[in-house]
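What follows is a single structure, written as structure tokens, with notes after it.
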Amino acid sequence: MVDSLVYVNGEFVPPSEAKVSVLDRGYLYGDGVFEGIRGYSGQIFRLDQHLERLYRGADAISLDVPLPPEELRDVILETVRRNDLTDCYVRVIVSRGEGDLGLDPRMCRSPATVVVIASSISLYPPEVYQHGLNVITCITRRNTPTALDPQIKSLNYLNNILARIEVSRAGAHEGLMLNHLGYVAEATGDNVFVWRGQHLLTPPTHAGLLEGITRQVVLELAAEIGLPFREEMLTLYQIYSADECFLTGTAAEIVPVARLDGRIIGDGQPGPITKRLMARFKEVTITEGVPVG
Ligand code: PXG
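According to my numbering, the sequence shown is numbered sequentially starting from 6.
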């Protein structure tokens, strides 16, 4: 981040000068939404889907993004360009802006704050892509959609962070989160898939999960390859006894799961279906995308 530039409300500034007010409601209340987007070989992967999710989330919390999607799209491309990055991780943050204390968003006196950071990310050590993740089931349940819908990628990530703390304490790589009924929802920052009974299965959105862009890509790849797939409520039993399991996310990409709660999944190595999807995903990420220019 030494020579990097960050976009803050219409300006590109060095990170040390990129400042947001302590009275911004993103800071005070987690009042805002964000996106994590990846660029590969000078192209931004699934940019329009990320933008659509961001604007939908903003709409869900009655937040007006002060610039239209086409302009924010240009800002994202410009931020990547100015940082001279070919492979990157872009973080877009829209918070409600500065205002007087008090929950009512009408306390807000300024337009929403828009920040774009172009950097890099690595969630897990590189060897897990060859050998698989060690995953635990977290005690912390995923937010219930009737309270705060996980489909909104809001600045309130404490639910996920509490689960992530359990993961670190257990010395594991990642944590599986169940919904309030005990069905599998997702991992702390990734979606979950299993291959069992010759079907690819993943929980439906109403299980209480973020509808991942990578999850969508994997479903498209499954259709393309001709793998039968279904969205289905999953219990822990269906993961423990799966032939293969993997997680998906923009930061994680596709990452195999070797163990869950100490139980070996399949033969404990990335399986043929997982490997096939990983290989095809790699091809897709370097061929499609919006050129940074
Ligand atoms: N579930 C949750 C809760 C997430 O936050 C995903 C699934 C995967 O979605 P995508 O659209 O990326 O396939 C996410 C992704 C970060 C960061 O620091 C963001 C996520 C996960 C981990 C880190 O920007 N979001």
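Yeah, the Cβ is synthetic: ideal placement off N, Cα and C, and Gly gets one too.
At the C-beta level, residue 161 and residue 167 stay beyond 8 Å of one another. At a threshold of 7 Å, residue 215 counts as near the ligand PXG, since its beta carbon sits closer than that to one of the ligand's heavy atoms. One alpha carbon belongs to residue 242, the other to residue 64, and they sit about 37 Å apart. Each residue's CA atom was taken as its position, placing residue 264 and residue 237 some 21 Å apart.
By the neighbour-count criterion, in which 16 or more other beta carbons inside 10 Å mark a residue as buried, residue 21 falls on the exposed side.
Annotation for residue 262: no alpha helix (DSSP H) segment contains it, though the beta strand (DSSP E) segment containing it runs 258–265.
No Cβ-Cβ contact shorter than 8 Å links residue 190 with residue 220.
The closest CA to that of residue 260, considering only 49, 205, 131, 89, is found on 131. Distances between the C-beta of residue 63 and the heavy atoms of the ligand PXG are all 7 Å or more. Counting only residues of its own chain and dropping the five nearest sequence neighbours on each side, residue 129 has a CB closer than 8 Å to the CB of 138, 178, 179, 257, 260.
When distances are taken from the beta-carbon of residue 253 to the heavy atoms of the ligand PXG, the shortest one is below 7 Å.
Of the candidates 77, 58, 155, 126, 126 places its Cα closest to the Cα of residue 90. Only residues of its own chain outside the window of five on either side were considered, and among them 30, 101, 102, 103, 104 have a CB closer than 8 Å to the CB of residue 113, listed in chain order.
In this structure, residue 141 has its CB at a distance of at least 7 Å from all heavy atoms of the ligand PXG. Judged by beta-carbon spacing, residue 77 lies beyond the 8 Å limit of residue 38, meaning their Cβ atoms are not closer than that value. In this chain, the beta strand (DSSP E) harbouring residue 201 covers 196–201. Of the other Cβ atoms in all chains shown, 16 or more fall within 10 Å of the Cβ of residue 158; this residue is therefore buried. Taking 8 Å as the cut-off, the beta carbon of residue 270 is found closer than this to the beta carbon of residue 247.
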